[in-house]
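Student: Each protein sequence line maps, in turn, to chains A, B, C and D. Using our numbering, you'd call the opening residue of the first sequence number 448 and step up by one each time. Using our numbering, you'd call the opening residue of the second sequence number 448 and step up by one each time. Using our numbering, you'd call the opening residue of the third sequence number 448 and step up by one each time. Using our numbering, you'd call the opening residue of the fourth sequence number 448 and step up by one each time. All residues carry an ideal CB built from backbone N, CA and C; glycine is no exception. If you're wondering where the values come from, they're calculated on a predicted model, not measured in any experiment.
Number of protein chains: 4
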Amino acid sequence: MRFAYLGPSGTFTEAALLKVDGAAEAERVPMPSVPAALDAVRTGAADAAMVPIENSVEGGVTATLDAIAAADGLRIVAEQMVPITFVLAARPGVALADVRGVSTHGHAWAQVSEWVAQNLPDAAYFPAGSTAAAAQELAGGEAPFEAAVCSPLVAEQLGLAVLGEDIGTVKDAVTRFVLVAPRGLVSRRTGADKTTLVVSLPENRPGALMDILNQFASRGANLSRIESRPTGRGIGSYFFSIDVDGHVSDARIAAALRGLKRIADVTFLGSYPRADGVRTEPATHTSDEAYRSADAWFEGLFDER
Amino acid sequence: MRFAYLGPSGTFTEAALLKVDGAAEAERVPMPSVPAALDAVRTGAADAAMVPIENSVEGGVTATLDAIAAADGLRIVAEQMVPITFVLAARPGVALADVRGVSTHGHAWAQVSEWVAQNLPDAAYFPAGSTAAAAQELAGGEAPFEAAVCSPLVAEQLGLAVLGEDIGTVKDAVTRFVLVAPRGLVSRRTGADKTTLVVSLPENRPGALMDILNQFASRGANLSRIESRPTGRGIGSYFFSIDVDGHVSDARIAAALRGLKRIADVTFLGSYPRADGVRTEPATHTSDEAYRSADAWFEGLFDER
Amino acid sequence: MRFAYLGPSGTFTEAALLKVDGAAEAERVPMPSVPAALDAVRTGAADAAMVPIENSVEGGVTATLDAIAAADGLRIVAEQMVPITFVLAARPGVALADVRGVSTHGHAWAQVSEWVAQNLPDAAYFPAGSTAAAAQELAGGEAPFEAAVCSPLVAEQLGLAVLGEDIGTVKDAVTRFVLVAPRGLVSRRTGADKTTLVVSLPENRPGALMDILNQFASRGANLSRIESRPTGRGIGSYFFSIDVDGHVSDARIAAALRGLKRIADVTFLGSYPRADGVRTEPATHTSDEAYRSADAWFEGLFDER
Amino acid sequence: MRFAYLGPSGTFTEAALLKVDGAAEAERVPMPSVPAALDAVRTGAADAAMVPIENSVEGGVTATLDAIAAADGLRIVAEQMVPITFVLAARPGVALADVRGVSTHGHAWAQVSEWVAQNLPDAAYFPAGSTAAAAQELAGGEAPFEAAVCSPLVAEQLGLAVLGEDIGTVKDAVTRFVLVAPRGLVSRRTGADKTTLVVSLPENRPGALMDILNQFASRGANLSRIESRPTGRGIGSYFFSIDVDGHVSDARIAAALRGLKRIADVTFLGSYPRADGVRTEPATHTSDEAYRSADAWFEGLFDER
């Protein structure tokens, strides 16, 4: 197996990939961007790709979902959650008082701004493409800054000293990552599954969103995430990025998708096990058995007796 | 063919039956009550029965629908509408001024009360089991009243004189009748059909009725009649008597019934041509083609490429 | 006080009226029909009128509600439930074996048909305008029948012998009656109230009924009865007769009525104590306090600070 | 007047600010981050702040809305749309063939990746905190890169040469900015307004989102944007960021907010003129006049006559 992921080496994305069975022994190829990682799967250069999709502090890394939807022929087959903890790392021998410049990714910088304001009020910020890139530049010895905000793992791998631990404002932050594979692959139903869709409406009218939600509600399917997203055809024109609790082979999810398709454009991005392992317990009247029993009743309507 | 109907001979119910193809030449058996007419079908004594079901002036003759629902094994296969016009009929030679007593069915009496108040303010009312029965008693010559309120047809058949024409308050009144047959029979889809259901909920809670209606709305099925009806288990416990536009072989009606069955008890009373012949034109996204196309899309989700 | 009621004396309607505080000592005037009873209130000939409105065995006596709605200027101020039990009554000395004809109201006849089939299979039926009228005709001594189906009370009042007790098919049957008063009167809120409405829509389109129900659901108001009723402008044109749990002075009912009025024609027939005394416990977020608190929050939005 | 904005000078945010009446002549203070700009308003250091809120290519800059919601005491009073066009800028005399490194903000880099892949396939990427910062570093003469992706305006201000015009993938891209002021200020209703809310639910259960949307739908209020956003209390716990068409002084918006407040936690972020100037034409039954008329009807219910 050959896995692509959003690099460079040592990012939280690689940490997410390492949680996938077999990935530790497989070939892991860092890619410079999410679209590049997805392209590797589409062209067959990789068997699957791990990419970030949501950040519990800053909301959706929504461009990723858009890219998967746009890249016809891809499916999400797994998700992983990785706890996000930041350290302030420096080269051995450098003290906190020596730090005049700090580098990291913009998202990470936002999360450590409180700590920095208190501990390094005069430090200059050097933007980096990723937290790992900042640490690597620092380790290289030529950096115009004295410290990097990065993951504990990268600091350890590169032999950097840790000047501050768990310095993010939001404790218990986690980021969500998804593993993307070619369209042929579908994850087996586990009972603790999630289905991701992109839905757009032919027209923008009052009640249109209600109509979409009704297709889920009337089948007993519960939404766990919804975002209206601009279509790129001007602000005001939207589509919806949606997560539903359940697997496409659950009767209620299958029924909701068929119903939804009649009234909207639907792109199915995949059904896959939830990272948190929380099982979905459908109400009695929305179980597969309830669907089977209703179908049997319906067929029986036309029996003579 | 042998048809039962709510008698006696000459009622509006027989008029409704005569509109059924072949009924004029078939054997027609008047029955003393709706339950008796339905029993005749259930036991095989008749092939079908015509019974009244709705009156556009006084609302549902709801006991009939309840009786059909209770009589497991019956199906509605046709409906007929009959215009209801009343005449004041008397034996030849009797003038309006001679009339001191009038007989008719209670429903008819309510409908002619304005005319009577103006033209026969002092007349006594003699209740009858049907308008035809009143006319027959009058024609028999021994009646304690001088006039009957009945249909023009019965007056003509019995050779009675008409002292007042179209004397009902509500002009253009029509009554709805249904033809009931054994369960094996299903009327063919015509494109102008109606489906009749009885639906009850396991529990009475806020939103329960909305949940029922949602099963129709999310499939694009339109209700043309709904009545909450007491279950007989005490006031406050209700079921719903419902008419839907469309035939059980329409994809949207079939889908609504399957969905409804999961959340409620459903009794299917039949799909049959609408008497008014008004075609149901489903919205584009609720046509059979829309259903087929959504199903094909869903099946295609799992094709590799 | 002067009360009109649907007569004759001794009917279940008079029994309902006798349950009203003060009615036993007040003047009680039997009227020949529901419209006549309502007219007495409208013209001031009576202070209030008791009329039947629902029958737990045979569904709505719907013409009554229509008549109240049509009679602008009337309000329902109370409801009463009366248990319906039938006896077979005869003049003293007459045995069951002597009975060849039985008289009663059509509704009562339907309810005792099973008992009659078993005990008097050959008896002829003589329709009567009410159960009390049948008993009175029997007591008068000139009747062409030997027995009447009536209430135990009337049998006792007229000195008739009881040949069969509680002979109705449905045990525990009750009928609902309402007390109607001029528009100025409004019943005080008791916490166990009901509000009756007539609602019609400007157009008949899919989803119209959902829109109506949404006005109730979004305010937390629960429907306890709904019937679509023909408008008299031809079958297919409907309005809705609706009961809601709660009083018009409950915030959620007031809000639902205001919302409903924007999208539909609404006639308010009254708010009055429920006969069964069951208190409505609105959900926390639909209590008067929740409404007050939300309004206070809204007003506070515009305070500077 | 003193305006804060997300700096540095020359960003699209300053361009948005310059579209505000009077801002060209007022003092404009660049701030290093969105939270810093908001803080300036809260502490009184600035009268208002312009910050980016949405990007039609990459979706919501959602952290901004979260920050406004968290910063109690702030209100959105205006929005501005700025067309986003990128140029490749270099110091005079530098040719495309000389470019080996390019700097810009990560969002801009994503948008020009196609053009870069075709025209500068071997160029290295140097992340910058903003497009303007990249241009300024380039103009300073010490940059380790030869070109910057930035706005045409900044290139012109700094005297840079344009090597490529309108190089973004998405043509007609616009970004949305909002002007934030202290809580006391409310924008006047113009008839083309937008209201921004943050809504969270006490519990996550199936149908909860439907209940929220119903509060809007039943009042005739149309949503133009919705995003479920993690609460920071772990993935799976969400709130909703919502834009509604209309002003808080529109009767339907006021009614929806009051209703919403009963069932959810609601933070009102402001009502303000839409940048696109598109007027909202409410349906007849949801106009202020419809609300007034329904209220008058309701009050009249209790008049005697």
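Assign D/Glu461 to one of two classes, buried (16 or more other C-beta atoms within 10 Å of its C-beta) or exposed (fewer than that).
Tutor: In the fourth sequence, residue 461 of chain D corresponds to position 14, counting from 1. Buried, since its Cβ has 16 or more Cβ neighbours within 10 Å.
Student: Could I get the ranges of all uninterrupted alpha helix (DSSP H) runs contained in the segment 499-565 of chain B, with 4 residues as the minimum, in chain order?
Tutor: 509-517 and 553-558
Student: Return the residues of the segment 553-576 of chain B that lie within a Cβ-Cβ distance of less than 8 Å from chain C, sorted by chain order.
Tutor: Gly553, Ala557, Ser560, Tyr572, Pro574, Ala575 and Gly576
Student: From this set, B/Pro729, B/Glu584, B/Trp556 and B/Gln565, which residue's C-alpha is nearest B/Tyr572's C-alpha?
Tutor: Along the second sequence, one-based indexing puts residue 572 of chain B at 125. Cα-wise, what sits closest to B/Tyr572 is B/Trp556.
Student: Pull up the CB-CB distance for B/Arg703 and B/Phe749, whole angstroms please, since I reckon it's below 8 Å.
Tutor: Counting from 1 along the second sequence, the entry for residue 703 of chain B is found at position 256. Counting from 1 along the second sequence, the entry for residue 749 of chain B is found at position 302. Here the sequence assigns Ala to residue 703 of chain B, which means Arg is not the residue at that position. Actually they are not in contact, since the Cβ atoms of B/Ala703 and B/Phe749 sit about 26 Å apart, beyond 8 Å.
Student: Relative to the alpha-carbon of A/Thr643, which residue among A/Ser718, A/Ala581 and A/Val627 has its alpha-carbon at the smallest distance?
Tutor: In the first sequence, the residue the question calls residue 643 of chain A occupies position 196. If we check each option's Cα against that of A/Thr643, A/Ser718 comes out closest.
Student: Give me the chain B residues within the contact set of C/Leu656, using Cβ-Cβ distance strictly less than 8 Å, ordered along the chain.
Tutor: Here residue 656 of chain C corresponds to residue number 209 of the third sequence, with the count starting at 1. In chain order: Leu660, Leu670 and Ile673.
Student: Counting only beta-carbon separations shorter than 8 Å, does C/Ser734 have a partner in chain B?
Tutor: The count along the third sequence starts at 1 and reaches residue 734 of chain C at position 287. Taking CB atoms only, C/Ser734 has no neighbour in chain B less than 8 Å away.
Student: Cβ closer than 8 Å: which chain C residues qualify as neighbours of D/Arg726?
Tutor: Indexing the fourth sequence from 1 puts residue 726 of chain D at position 279. The premise fails here: D/Arg726 is roughly 21 Å from chain C at the closest Cβ pair, so nothing lies under 8 Å.
Student: Under 8 Å, with one C-beta from each stretch per pair, do the segment 734-742 of chain A and the segment 452-460 of chain B reach the 3-pair mark?
Tutor: no
Student: When you check each C-beta in the segment 617-643 of chain B against every C-beta of chain A, which residues fall closer than 9 Å?
Tutor: Result list: Pro629, Arg630, Gly631, Leu632 and Val633.
Student: Skipping 5 residues on each side, what residues in its chain have a beta carbon closer than 8 Å to that of B/Ser560?
Tutor: By 1-based counting over the second sequence, the position of residue 560 of chain B is 113. Here the set comprises Thr616.
Student: Please report how far the alpha carbon of C/Leu465 lies from the alpha carbon of A/Glu746, in whole angstroms.
Tutor: For the purposes of this step, residue 465 of chain C is taken as residue 18 along the third sequence, with counting starting at 1. For the purposes of this step, residue 746 of chain A is taken as residue 299 along the first sequence, with counting starting at 1. Computed Cα separation, rounded: 54 Å.
Student: For B/Thr490, does the three-state DSSP call read helix, strand or coil?
Tutor: In the second sequence, residue 490 of chain B corresponds to position 43, counting from 1. Coil at B/Thr490, not helix or strand.
Student: Using 8 Å as the cut-off, can you tell me whether the segment 664-676 of chain D makes contact with the segment 621-634 of chain D, which would need three or more C-beta pairs spanning the two stretches below that distance?
Tutor: Verdict: no, contact absent.
Student: Cβ atoms of A/Thr551 and A/Ala514: under 8 Å apart, would you say?
Tutor: Residue numbering aside, residue 514 of chain A sits at position 67 when the first sequence is read from its first letter. Residue numbering aside, residue 551 of chain A sits at position 104 when the first sequence is read from its first letter. Cβ atoms of A/Ala514 and A/Thr551: not closer than 8 Å.
Student: Should C/Ser665 be flagged as near chain D, meaning a C-beta pair shorter than 8 Å?
Tutor: The residue given as residue 665 of chain C occupies position 218 in the third sequence. A Cβ of chain D is located within less than 8 Å of the beta carbon of C/Ser665.
Student: Which whole-angstrom value describes the C-beta separation of A/Gln527 and A/Phe450, a residue pair presumed to lie in contact below a C-beta threshold of 8 Å?
Tutor: Position 80 of the first sequence holds residue 527 of chain A. Position 3 of the first sequence holds residue 450 of chain A. Actually they do not touch by this definition, with Cβ atoms about 12 Å apart.
Student: Quick one: which residues of the segment 461-481 of chain C get their C-beta closer than 9 Å to a C-beta of chain B? List them in chain order.
Tutor: Per Cβ criterion, the list reads Pro479, Ser480 and Val481.
Student: Could you tell me the distance, in whole angstroms, from the CA atom of C/Arg636 to the CA atom of B/Gln558?
Tutor: By one-based count along the third sequence, residue 636 of chain C stands at place 189. By one-based count along the second sequence, residue 558 of chain B stands at place 111. So the alpha carbons of these two residues sit roughly 37 Å apart.
Student: Report yes if the CB atom of B/Val646 is closer than 8 Å to the CB atom of B/Ala711, and no otherwise.
Tutor: For the purposes of this step, residue 646 of chain B is taken as residue 199 along the second sequence, with counting starting at 1. For the purposes of this step, residue 711 of chain B is taken as residue 264 along the second sequence, with counting starting at 1. Against a cut-off of 8 Å, the Cβ pair of B/Ala711 and B/Val646 comes out as a contact.
Student: How would you label A/Gln583, buried or exposed, when you count the other beta carbons within 10 angstroms and need 16 or more for buried?
Tutor: As a working mapping, residue 583 of chain A is identified with position 136 in the first sequence. By the neighbour-count rule (16 or more Cβ atoms within 10 Å), A/Gln583 is buried.
Student: Taking Cβ-Cβ distances shorter than 7 Å, what residues in chain C pair up with D/Gly693?
Tutor: The count along the fourth sequence starts at 1 and reaches residue 693 of chain D at position 246. Per Cβ cutoff of 7 Å: no residues; D/Gly693 is ~15 Å from chain C at best.
Student: If we call anything under 8 Å between Cβ atoms a contact, is A/Leu512 one with A/Val488?
Tutor: Taking the first sequence and counting its residues from 1, one reaches residue 512 of chain A at position 65. Taking the first sequence and counting its residues from 1, one reaches residue 488 of chain A at position 41. Not closer than 8 Å, so no.
Student: Pull up the CB-CB distance for D/Leu626 and D/Ala525, whole angstroms please, since I reckon it's below 8 Å.
Tutor: Taking the first residue of the fourth sequence as position 1, residue 626 of chain D is located at position 179. Taking the first residue of the fourth sequence as position 1, residue 525 of chain D is located at position 78. The Cβ separation is near 4 Å, so the contact holds.
Student: Can you have a look at C/Pro530 and say buried or exposed, based on whether 16 or more other CB atoms are within 10 angstroms of its CB?
Tutor: By 1-based counting over the third sequence, the position of residue 530 of chain C is 83. It counts as exposed.
Student: What does C/Gly706 reach in chain D if we use C-beta pairs closer than 8 Å?
Tutor: Taking the first residue of the third sequence as 1, we reach residue 706 of chain C at position 259. The contacting residues are Ser665, Arg666, Ala702 and Ala741.
Student: Which residue marks the beginning of the alpha helix (DSSP H) containing B/Thr460, and which one marks its end?
Tutor: Working through the second sequence from its first residue, we reach residue 460 of chain B at position 13. Phe459 to Leu465 is the extent of the alpha helix (DSSP H) around B/Thr460.
Student: State yes or no: is the beta carbon of B/Glu505 nearer than 8 Å to at least one beta carbon in chain A?
Tutor: Against the second sequence, residue 505 of chain B aligns to sequence position 58. For B/Glu505, the pLDDT reaches just 37, beneath the cut-off of 50, and the residue's location in the model is therefore unreliable, although a value from the coordinates is still provided. So no, B/Glu505 is outside the interface.
Student: Nearest chain C C-beta to B/Tyr685 closer than 8 Å, yes or no?
Tutor: For the purposes of this step, residue 685 of chain B is identified with residue 238 of the second sequence, where counting begins at 1. Yes, contact with chain C.
Student: Where DSSP assigns a beta bridge to B/Gly724, which residues make up the other side?
Tutor: Working through the second sequence from its first residue, we reach residue 724 of chain B at position 277. DSSP output for B/Gly724 lists no bridge partner at all.
Student: Among the residues of its own chain, which have a CB less than 6 Å from the CB of A/Thr733, if the five just before and after it don't count?
Tutor: Numbered from 1 along the first sequence, position 286 holds the residue referred to as residue 733 of chain A. Result list for A/Thr733: Gly667 and Arg699, in chain order.
Student: Please classify D/Pro482: does DSSP put it in a helix, a strand, or coil?
Tutor: As a position in the fourth sequence, residue 482 of chain D is number 35, starting the count at 1. Three-state DSSP puts D/Pro482 in a helix.
Student: Taking 8 Å as the threshold (C-beta atoms), are C/Cys597 and C/Ala579 in contact?
Tutor: Here residue 579 of chain C refers to the residue found at position 132 of the third sequence. Here residue 597 of chain C refers to the residue found at position 150 of the third sequence. Their beta carbons are under 8 Å apart, which means C/Ala579 touches C/Cys597 by this criterion.
Student: Less than 6 Å between C-beta atoms, sequence neighbours within five positions excluded: which residues of the same chain meet that for C/Ala722?
Tutor: Here residue 722 of chain C corresponds to residue number 275 of the third sequence, with the count starting at 1. So the list reads Glu526, Gln527 and Met528, once near-sequence residues are dropped.
Student: Unbroken beta strand (DSSP E) runs of length 3 or more, entirely within the segment 572-620 of chain A: which are they?
Tutor: 594-597 and 608-611
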